[in-house]
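Residue numbers (the numbering used here): 224 to 522. Heads up, the beta-carbon is just placed ideally off N, CA and C, and yes, glycines get one too.
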Ligand SMILES: NC(=O)c1ccc[n+]([C@@H]2O[C@H](COP(=O)([O-])OP(=O)(O)OC[C@H]3O[C@@H](n4cnc5c(N)ncnc54)[C@H](O)[C@@H]3O)[C@@H](O)[C@H]2O)c1
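Spelled out as structure tokens, the structure:
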């Protein structure tokens, strides 16, 4: 039984991943600054601060795999808090990688497919595209990725980069600054107005959270030479398309359009052919995922 520790394990992705790892019979450890509201049987909770070196080193000791699932900045606030991203998240991630290399622990880093590539003409975007982030959140992720790449070249380690597109589903909280599907569905259910920045034609690649977690489980067992994977649906949806899909559930969303933000790239669809060679399970369509999420919210 492999021991897997998720850093930021009680967050949106971390908590869903814990459930998925348990299903696949891993021994799961969740390292987080706080305990979750609802504990899951079989998850070992470790309360600690990622930025406390001693505490971090103690938590990772004896683990087989570390999933780095923590960021203290998001796409919306990173242009104000950019120094926090570089001086804290970036530096501490490098320290974590150094610790893991010395202890021979496999690392998977959750990067952001929605922001590292920036504006790209060719869509769906392949992992080989030259990344050009337009916000500091994406730039911090890319800095962390580059250090991993250098370690992999210098020390022949096999640290993996998972560039996740736009996950949605149970456990997401749009108040944290990301999650249009979460916001629009919850606001519709509460009869609140949905705010769209721009004309609603911004296109993203939305993927149901359970599919992301299954892909991450496949990467735990991956031992090939690839370093970076898009974890995505390969399907583009505009914000307006999502509103239409919500209407198809029999709901009545109320939308107001506001001026576009400079942090938003117009179109991001991520090519998922590489991960689909490693991950054999069929992934959900947007309509299937939205329906599951809706039923989860109203049950
Ligand atoms: N959610 C997305 O849309 C998305 C998309 C692509 C990549 N990612 C990346 O995936 C990772 C996880 O995202 P998420 O949406 O689950 O985030 P989240 O904010 O829901 O979870 C992060 C967790 O980290 C914990 N945490 C914060 N500071 C800590 C500290 N100092 N020490 C220990 N724990 C601390 C929080 O308590 C929280 O439980 C992040 O790196 C994020 O950038 C997220």
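So does residue 399 have its beta carbon nearer than 6 angstroms to some heavy atom of ligand 1? Yes - ligand 1 has a heavy atom lying nearer than 6 angstroms to the Cβ of residue 399.
Excluding the 5 residues flanking residue 521 on each side, which residues of the same chain have their C-beta closer than 8 angstroms to its C-beta? 412
Count the other CB atoms, across all protein chains shown, that sit within 10 Å of the CB of residue 506; report buried if there are 16 or more and exposed otherwise. buried
Would you check if the distance between the CB atom of residue 436 and the CB atom of residue 278 is smaller than 7 angstroms? no
Are there 16 or more other CB atoms within 10 angstroms of the CB of residue 438, so buried, or fewer, so exposed? buried
Would the stretch 283-295 and the stretch 349-359 be scored as touching if the rule is three or more Cβ pairs under 8 angstroms? no
Rounded to whole angstroms, what's the CA-CA distance from residue 492 to residue 387? Just pull it up for me. Cα to Cα, the separation comes out at about 11 angstroms.
Does the structure place the stretch 396-409 close enough to the stretch 456-476 that three or more beta carbon pairs sit under 8 angstroms? yes
Quick one: what's got a C-beta closer than 8 angstroms to residue 258's C-beta in the same chain, skipping five residues either side? 233, 268 and 270
Assuming residue 453 is part of the beta strand (DSSP E), what are its boundary residues? 451-454
Thinking C-beta only, is residue 447 closer than 7 angstroms to residue 426? no
Return the chain-ordered list of same chain residues with a C-beta closer than 8 angstroms to the C-beta of residue 428, the five sequence neighbours on each side being excluded. By the criterion of a C-beta distance shorter than 8 angstroms, residue 428 is surrounded in its chain by 336, 337, 347, 388, 389, 455, 456, 457, 458, 459, 460, 491, 492 and 493, once the five residues flanking it on both sides are discounted.
Can you tell which of 480, 518 and 449 has its C-alpha closest to the C-alpha of residue 469? 518
6 angstroms Cβ shell around residue 479 - same chain, five flanking residues per side excluded: 416 and 418
Just to confirm, is the Cβ distance from residue 286 to residue 228 under 7 angstroms? The answer is yes: Cβ separation under 7 angstroms.
Suppose you measure from the CA of residue 515 to the CA of residue 473; what does that come to, to the nearest Å? 14 angstroms
Beta-carbon proximity list for residue 372, same chain, < 7 angstroms, skipping 5 on both sides: Excluding sequence positions up to five before and after residue 372, its CB lies within less than 7 angstroms of the CB of 450, all in the same chain and listed in chain order.
Cβ-heavy atom distance, residue 233 to ligand 1, below 6 angstroms: Under cutoff, so the answer is yes.
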